[in-house]
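Peer 1: Line by line, the protein sequences give chains A and B.
With this note's numbering applied, the first sequence has no gaps in its numbers, which climb one by one up to 513 at the end.
With this note's numbering applied, the second sequence has no gaps in its numbers, which climb one by one up to 182 at the end.
Ideal placement from N, C-alpha and C gives every residue a C-beta, glycine not left out.
All values derive from a computational prediction rather than experimental measurement.
First, the structure itself, so that you have it in front of you.
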Amino acid sequence: MLEGLLIGLQTAFSIQNLLMVIAGCLIGTFIGMLPGLGPMSIIAIMIPVAISMGDPSAALILLAGVYYGAIFGGSTSSILLNAPGVAGTVASSFDGYPMARQGKAGKALTIAAIASFAGGTLGAVLLMVFAPALSSVALLFHSAEYFALMVVGLSAIAAFAGSGQVAKAVIMTVLGLIMATVGEGALFNLPRFTMGIMDLQSGFGFITLAMAMFALPEALFLVLKPKDLKGDDGEIKDLRITKEEAKAIAPVVGRQSVQGFFIGVLPGAGATIASFLGYAVERNIAPKEEQEEFGKGSIKGLAAPETANNAACTGSFVPLLTLGIPGSGTTAILLGALIALNVTPGPRLMLDEPQIFWAVIMSMFIGNLVLLILNLPLIPYIAKVLSVPRNYLIPFILFFTLMGAYIGQNNATELLILVGFGVCATALKFADYPLAPLLIGFILGGMMEDNFARSMQLYDGIGFIWERPMTLGLLVIAALLVLLPSYRARRARARAAGIADGD
Amino acid sequence: MALDRWIALVLLGVCLTYGYAAWFTMDGSLPPFMQRNPIWPSTFPKVLSILGIITTTIILLGFEKSEIKEADIDYRRLGDYHLDQALMLLALMVIYALCLRPVGFLISTSAFLILGSFILGERKWHIMLPVAFIATGAVWYLVQEVLGIYMRPLPGIFGG
């Protein structure tokens with residue numbers, strides 16, 4: 011391994027590759043900040059540039075830098091505008107945006123930067139150590155387990171989305187899953203539930219839905235009830251985090267780096283599930299009084315998803331580099347780029363072309379460091395977005411929302427769908443329905459159905475649930491996650507009504 | 023009946039319609055070779071429709087009591103807020119969506135940004151106009167030239 015490390019250092023520390031990392035991180039951060047352009051689209055846009063360089067190490071280093079930058083940039087817009095451009099940063103807006111509204115935007119961005127750095131760096135260490143071993147673990151997971159894992163993820167999200175509101179969260183999740191079935195599925199080449207509308211043939215756009223669920227209602231709320239966006243005087247104060255805060259988030263960062271990394275290794279899971287699960291886990295294990303803080307600007311609630319999504323991004327390189335199987339859309343695009351450069355990722359990559367494997371790992375360390383160095387001093391300027399007067403800010407938020415949906419699909423109908431769903435989402439928000447579960451259900455719906463269908467076909471029926479103990483165990487956990495909170499709420503009410511507990 | 027239960031009623035309707043489509047309309051057109059599959063395109067939707075109907079009924083019948091929280095905006099007094107501005111902005115977005123292609127990106131976007139801040143009560147034209155034009159130009163340049171995504175800049179009659 012030491013030898014590999016040295017090869018990696020040698021490759022990564024050439025002037026050209028260092029410049030590549032810096033350029034990639036910068037491009038990623040700035041484009042990632044625009045809501046609507048996620049890492050997938052940015053990497054797709056950068057591929058022609060990367061391929062024309064001809065050197066696979068440099069290309070992969072550039073693209074990995076873009077990937078990290080985009081994830082960090084996406085959390086910036088989640089925190090400042092509540093407009094997550096990337097599914098993986100949706101969870102960051104739960105606590106990041108309330109912090110920004112309390113005038114702690116600078117601190118929120120600092121925590122995000124540090125948590126991302128720690129998550130990415132620890133993830134890279136884990137990647138180095140576990141890459142060979144983990145590939146065999148990932149192989150143990152069959153489609154039945156993926157299906158069960160997604161059910162667990164969705165139940166966890168429904169369970170944490172609101173206290174005593176589990177039914178509402180569940181119906182939003184189901185609604186998201188229902189929306190995911192619109193359009194043509196991968197397994198059956200039949201259009202479903204399109205109502206004969208051509209534009210629905212390919213289903214609803216993820217970005218359109220994300221914008222409609224988060225950015226648009228938020229902007230409408232700002233219009234309806236003008237409130238002071240900035241702190242007392244618009245100054246971004248206390249960038250620094252105090253020693254106590256650092257102490258509070260350190261264990262969160264440690265746990266979430268490991269958890270996020272391992273979730274990222276599982277193909278199909280990736281940064282999104284990692285960030286939501288990280289948020290849910292940290293919320294559940296936090297002490298009672300801190301649990302109240304979650305959703306209202308808890309630093310732990312911000313650090314958890316930020317760490318987890320960066321660690322998962324690193325983790326998602328494991329199946330790509332060791333098995334040649336892309337675990338997420340983004341790594342799938344990276345795989346395409348590698349094949350175009352005449353490199354075949356897979357178990358032999360480490361033997362045949364170790365310099366590529368190790369250079370990528372080294373560039374992960376450098377990339378994370380560059381991001382931290384670039385972003386910490388830039389934070390006051392980034393956070394200045396909030397001091398733009400409301401009369402200008404709102405039209406621009408609306409415009410970027412529309413643009414995000416338009417660029418992705420190049421289809422003006424998408425904009426009408428966006429406005430329609432935005433109005434529905436605002437009504438749901440009035441009635442206190444949680445919106446995040448809908449989006450997550452939508453994102454996971456397609457994958458979930460594919461895995462469900464695959465295991466149904468493999469086992470010729472529903473038998474896979476009891477024939478595979480791991481699947482059954484995961485599904486039991488999922489059921490407990492949904493039922494336990496409502497049981498607890500019921501008991502708490504009963505106790506409040508004066509009924510004694512049984513022994 | 024509170025708004026959340028009205029919404030549950032609407033969602034129940036959605037789930038029933040969806041369930042009807044899944045249970046009764048989809049299987050007829052299934053090709054014979056697919057009918058021997060353990061899973062049909064309608065299997066997953068069928069499960070979802072049942073789940074949806076159960077959950078909406080739970081909300082509708084109020085099995086799960088929720089504490090009434092202090093909402094950010096009280097929807098019962100919607101008139102107290104700037105409802106007119108919100109509705110006008112929504113209308114503006116629809117118009118923008120319809121105009122983007124025929125009128126072209128540059129004109130419709132500048133108009134959108136200017137009218138947007140006008141609706142919100144901004145009257146400083148000497149700031150509004152330059153901000154809108156510069157922003158439109160910059161975004162167009164970024165998207166078209168740097169990212170290479172085609173957007174028609176001018177109305178179709180100018181050959182844009």
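Under 8 Å, Cβ to Cβ, is there at least one residue of chain A near residue 26 of chain B?
Peer 2: Cβ-Cβ to chain A under 8 Å: yes for residue 26 of chain B.
Peer 1: Bridge partners for residue 255 of chain A per DSSP, in chain order?
Peer 2: Answer is none; residue 255 of chain A lacks a bridge partner.
Peer 1: State the Cα-Cα distance for the pair residue 359 of chain A and residue 218 of chain A, rounded to the nearest angstrom.
Peer 2: Rounded to the nearest angstrom, the two C-alpha atoms are 38 Å apart.
Peer 1: Since residue 125 of chain B contacts residue 413 of chain A with CB under 8 Å, what's their CB separation in whole angstroms?
Peer 2: About 16 Å; that fails the 8 Å criterion.
Peer 1: If you follow the alpha helix (DSSP H) that residue 66 of chain B is in, where does it begin and where does it stop?
Peer 2: Run containing residue 66 of chain B: 65-83, per the alpha helix (DSSP H) assignment.
Peer 1: Starting from the beta carbon of residue 14 of chain B, find every residue of chain A whose beta carbon is closer than 8 Å, and list them in chain order.
Peer 2: With chain B covering 23 to 182 only, the question about residue 14 of chain B has no answer from this structure.
Peer 1: Between residue 261 of chain A and residue 157 of chain A, what straight-line distance do the alpha-carbon atoms span, to the nearest angstrom?
Peer 2: Going by the C-alpha atoms only, they are around 30 Å apart.
Peer 1: Which chain B residues are close to residue 209 of chain A, counting only those with a beta carbon under 7 Å from its beta carbon?
Peer 2: By Cβ distance, chain B contributes nothing, its closest Cβ being about 12 Å from residue 209 of chain A, past 7 Å.
Peer 1: So, for residue 456 of chain A: in the same chain, excluding its five sequence neighbours on each side, which residues have a beta-carbon less than 6 Å away from its beta-carbon?
Peer 2: Cβ within range, chain order: 190.
Peer 1: Hey, how far is the Cα of residue 137 of chain B from the Cα of residue 229 of chain A?
Peer 2: Taking the straight line from one Cα to the other gives about 16 Å.
Peer 1: So, residue 78 of chain B versus residue 450 of chain A, is the Cβ gap smaller than 8 Å?
Peer 2: Contact: no.
Peer 1: Quick check: the Cα distance between residue 240 of chain A and residue 306 of chain A, rounded to an integer number of angstroms?
Peer 2: Unreliable positioning characterises residue 240 of chain A in this predicted model, as indicated by a pLDDT of 43, which lies under 50. The coordinate reading is nonetheless provided below. So the alpha carbons of these two residues sit roughly 16 Å apart.
Peer 1: Of the residues that make up the segment 55-66 of chain B, which ones have a beta carbon closer than 9 Å to any beta carbon in chain A?
Peer 2: Flagged, chain order: 56, 59, 60, 61, 62, 63, 64, 65 and 66.
Peer 1: Using only alpha-carbon positions, find the residue among A:215, A:130, A:491 and A:466 that is nearest to residue 58 of chain B.
Peer 2: Of A:215, A:130, A:491 and A:466, the residue nearest in Cα terms is A:466.
Peer 1: Can you name the residues that DSSP bridges to residue 174 of chain B?
Peer 2: Partner(s): none; residue 174 of chain B has no beta bridge.
Peer 1: Name the chain A residues whose beta carbon is nearer than 7 Å to that of residue 176 of chain B?
Peer 2: Ordered by position in chain A, no residue passes the 7 Å Cβ test against residue 176 of chain B, which lies about 16 Å from the chain.
Peer 1: Measure the beta-carbon distance from residue 104 of chain B to residue 162 of chain A and round it to whole angstroms, keeping in mind my assumption that it falls under 8 Å.
Peer 2: Residue 104 of chain B to residue 162 of chain A, Cβ: 43 Å. No contact.
Peer 1: What separation, rounded to the nearest whole angstrom, lies between the Cα atoms of residue 17 of chain A and residue 44 of chain B?
Peer 2: Taking the straight line from one Cα to the other gives about 57 Å.
Peer 1: Less than 6 Å between C-beta atoms, sequence neighbours within five positions excluded: which residues of the same chain meet that for residue 125 of chain A?
Peer 2: 263, 313, 316 and 317, listed in sequence order.
Peer 1: Please classify residue 53 of chain B: does DSSP put it in a helix, a strand, or coil?
Peer 2: Three-state result, residue 53 of chain B: coil.
Peer 1: Mind the definition here: the segment 85-93 of chain A touches the segment 367-384 of chain A only if three or more C-beta pairs lie below 8 Å; say whether that holds.
Peer 2: Contact fails: fewer than three Cβ-Cβ distances are below 8 Å.
Peer 1: Taking the continuous alpha helix (DSSP H) assigned at residue 152 of chain B, which residues delimit it?
Peer 2: 147-162 is the span of the alpha helix (DSSP H), which, as asked, contains residue 152 of chain B.
Peer 1: Tell me the start and end of each unbroken alpha helix (DSSP H) in the segment 339-368 of chain A that is at least 4 residues and wholly inside, in chain order.
Peer 2: Segments of the alpha helix (DSSP H) lying fully in the segment 339-368 of chain A: 339-350 and 359-362.
Peer 1: Do three or more CB pairs link the segment 107-124 of chain B to the segment 419-429 of chain A at distances below 8 Å?
Peer 2: Output reads yes: the segment 419-429 of chain A touches the segment 107-124 of chain B.
Peer 1: Can you find the residues in the same chain that come closer than 6 Å, C-beta to C-beta, to residue 498 of chain A, ignoring five residues on each side of it along the sequence?
Peer 2: Cβ neighbours of residue 498 of chain A beyond the five flanking positions: none.
Peer 1: Do we get a CB-CB distance below 8 Å when we pair residue 387 of chain A with the residues of chain B?
Peer 2: For residue 387 of chain A, the answer is no, since every Cβ of chain B falls outside 8 Å of its Cβ.
Peer 1: Going along chain A, which residues have a C-beta under 8 Å from residue 105 of chain B?
Peer 2: What residue 105 of chain B touches in chain A: 234.
Peer 1: Please state if the CB of residue 136 of chain A and the CB of residue 268 of chain A are separated by a distance shorter than 8 Å.
Peer 2: In contact: residue 268 of chain A and residue 136 of chain A (Cβ atoms closer than 8 Å).
Peer 1: Could you spell out the range, first to last residue, of the alpha helix (DSSP H) harbouring residue 178 of chain A?
Peer 2: Segment 176-190, the alpha helix (DSSP H) holding residue 178 of chain A.
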